Amino acid sequence: MHPVVAPNPSLLPLDRHAQADWDAVVVGGGLVGLCTAYALRLTNPEARILLLEKESGVAQHQSGRNSGVVHSGLIYPRGSLKAKLCLRGKETLLNFCQNQGIQTRQFGKIFTATTRGEVEVLRKLEKRAQTHKIYSRYMSGRALKEVEPNVSAMAALHVPSVRCVDFSQVARGVAERLIAHHVHLAFGEKIISLRTHRGLAQIKTQRRVITARRVINCAGVYADTLARKSGLRLKGQIVPFKGIYYYLRKERRALVNGLIYPAPKPKVPFLGIHLTRTVHDEVHCGPNAVLALGKAAYARGEIGLFDFCRMATFPGLYRMLRHHNKMVKQEFKRSISKRHFLNGVQNLVPAITEEDVLQGFTGIRAQAMRADGTLVTDFWFESNGPFFHVLNAPSPAATASFAIGEAIAKKVGALT
Ligand SMILES: Cc1cc2nc3c(=O)[nH]c(=O)nc-3n(C[C@H](O)[C@H](O)[C@H](O)COP(=O)(O)OP(=O)(O)OC[C@H]3O[C@@H](n4cnc5c(N)ncnc54)[C@H](O)[C@@H]3O)c2cc1C
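For the sequence shown, the working numbering gives the first residue as 317, with consecutive numbering after it.
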């Protein structure tokens, strides 16, 4: 499959469209933006649709820096958008992968319990699996050894159907379909202002000014900034949470057969350090979840000055830090010390040692936080005038991206 890095040359150059009306402009070449453009195209075959991305290709941020797990939807509360869209989205995603020849692999996932409280959590998950019609099997610590011989736990819940995929490949696959269906993709186009002018959305990028009937803001960690620019009054903020990964050395990969997770913590939207065998047969350990000091501050110690100042003046952040004091301290230690990080890994597979893991990549989650410091746990959409904003689409949004796109296309309605 070819990487998609430029607009379809068979279409008119973008300059010829400058100042012209587009029926819809989608901001963001991550999976949510791409799948939104895809769904808009399917429901509006004649519409003129443009996708703007500030980077030189698709999936440069969250959509290309994640665990690659096609989530089952099991851990999300019944009735939530996450549950609904993850369940629907995973089917569409797997069909898309099959049709496009994108490899997925079924390794299965286990959730482990190391305390009685966690055993209770797994028992509840098992019931929820029945409601969602997902096959799962509760196992004692001994029976678990048949599936993952190196995991130490009191009990586990095994969900054998869980698959993994390379989400960057999915993003490139969607981009190719968009180009084939005459959706225009423009890279290196950073939106710097959004406003309403005579009922139309006016989009200013570093290179040009464009007008559109509808703008769908899928800018990930920057979606709140763009929403504010469009005039939406937002009380919360999108706060960047960094997730660091380590790789298991090749000769130690046999310690992990599939996907190994701790029991979910119902009040925390992060999944905890887990071990994942990837579609490329690597084993990734992580990610942790520590506050990033900038929305694109991937490197250790890096600070994004503007983002940092905004965060520092946001009262919600201090409330969150007070409320989740213990977790914040633990995650901070994990971000600066390999030994502390390893504790999280060894809680799952005790045989993994410091020498077995190598520094991997880093992702930054876009997590919305309210002014009172609570984290928004579900997906969150808002609209104002011609603008539609995706303000919270953290995990499992990659799994759910096709269903999120469909839901947005439905809400946006007819474009022409
Ligand atoms: C560490 C980590 C692990 C995860 N693991 C999983 C997993 O295993 N399974 C799963 O389902 N989900 C997972 N997720 C979640 C999933 O990756 C994200 O929810 C999903 O990729 C969000 O997609 P997005 O399009 O909203 O955001 P992004 O992929 O971040 O895309 C947003 C895009 O907007 C662009 N943009 C921003 N500002 C502008 C601007 N001003 N002008 C133009 N373009 C702009 C950015 O460059 C970017 O390309 C994980 C996330 C992380 C960070």
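Every residue, glycine too, gets a C-beta built ideally from N, C-alpha and C. All figures in this text were calculated on a predicted structure; none of them were measured in a lab.
A check of alpha carbon separations from Lys581 across Ala716, Glu434, Glu362 and Leu633 identifies Glu434 as the nearest. According to the DSSP assignment, Thr408 belongs to the alpha helix (DSSP H) that extends over Leu397 to Gln416. Residue burial is scored here from C-beta neighbours: His513 has fewer than 16 other C-beta atoms within 10 angstroms and is therefore classed as exposed.
Taking one beta carbon from each stretch, the stretch 364-373 and the stretch 381-396 have fewer than 3 pairs nearer than 8 Å; the two do not touch.
Exclusion of the five residues before and after Val555 leaves Gln683 and Met685 as the residues of its chain whose Cβ lies within less than 6 Å of its Cβ. When the five nearest sequence neighbours on each side are left out, the beta carbons in the same chain lying within less than 6 Å of the beta carbon of Lys406 are those of Val386 and Thr715, in order along the chain. By the 16-neighbour rule on beta-carbons within 10 angstroms, Lys645 is exposed.
Listed as beta-bridge partners of Lys425 by DSSP are Val475 and Leu575. Val342: member of the beta strand (DSSP E) spanning Asp337 to Val343, first to last residue. Short of 6 Å from the beta carbon of Ala730, and not among the five residues preceding or following it, lies no beta carbon of its own chain.
Inclusion of Arg616 and Ile652 in the CB contact set at 9 Å is warranted, their separation being smaller than that value. A check of alpha carbon separations from Gly547 across Arg524, Ala579 and Gln518 identifies Gln518 as the nearest. In the DSSP assignment, Ser509 falls within the unbroken beta strand (DSSP E) covering Ile507 to His513. Secondary structure of Pro631 (DSSP, three-state): helix.
Of the other Cβ atoms in all chains shown, 16 or more fall within 10 Å of the Cβ of His590; this residue is therefore buried. Taking all protein chains in view, the Cβ of Asn604 is crowded by 16 or more other Cβ atoms within 10 Å, so the residue is classified as buried. Within 10 angstroms of the beta-carbon of Asp337 lie fewer than 16 other beta-carbons, which makes it exposed. Residue pairing from DSSP places Ala528 in a beta bridge opposite Trp338 and Ala517. In the DSSP assignment, Gln683 falls within the beta strand (DSSP E) that extends over Val673 to Met685.
According to the DSSP assignment, Ser651 belongs to the alpha helix (DSSP H) that extends over Asn641 to Ile652.
Contact annotation, Ser452 with Glu436: C-beta distance approximately 15 Å; criterion of less than 8 Å not satisfied. The closest heavy atom of ligand 1 lies 8 Å or more from the beta carbon of Phe648. The DSSP assignment places complete beta strand (DSSP E) segments of no fewer than 3 residues inside the stretch 531-603 at 553-564, 575-578, 590-593 and 599-602, in order along the chain. Note that the stretch 591-603 touches the stretch 480-494; at least 3 beta-carbon pairs, one per stretch, sit closer than 8 Å.
In this structure, the straight-line span from the alpha carbon of Ile450 to that of Leu390 is close to 8 Å.
With a cutoff of 8 Å, Val385 counts as near ligand 1, since its C-beta is closer than that to a heavy atom of the ligand.
Just so you know, the alpha carbons of Ala502 and Thr690 end up roughly 36 Å apart. Residue pairing by DSSP places Cys480 opposite Val385 and Arg421 in a beta bridge. Remark: the C-beta of Tyr451 is outside contact range of ligand 1, defined as less than 8 Å to any heavy atom.
Within the same chain, and ignoring the five residues on either side of Gln416 in sequence, the residues whose Cβ sits closer than 7 Å to its Cβ are Gly489. Annotated as distal: Asn360 and Ala375, with beta-carbon spacing of 9 Å or more. When DSSP states are grouped into helix, strand and coil, Asn659 belongs to the helix group.
Arg638 and Phe624 have their C-alpha atoms some 18 Å from each other.
If you check the C-beta of Ala714 against ligand 1, you find a heavy atom less than 8 Å away.
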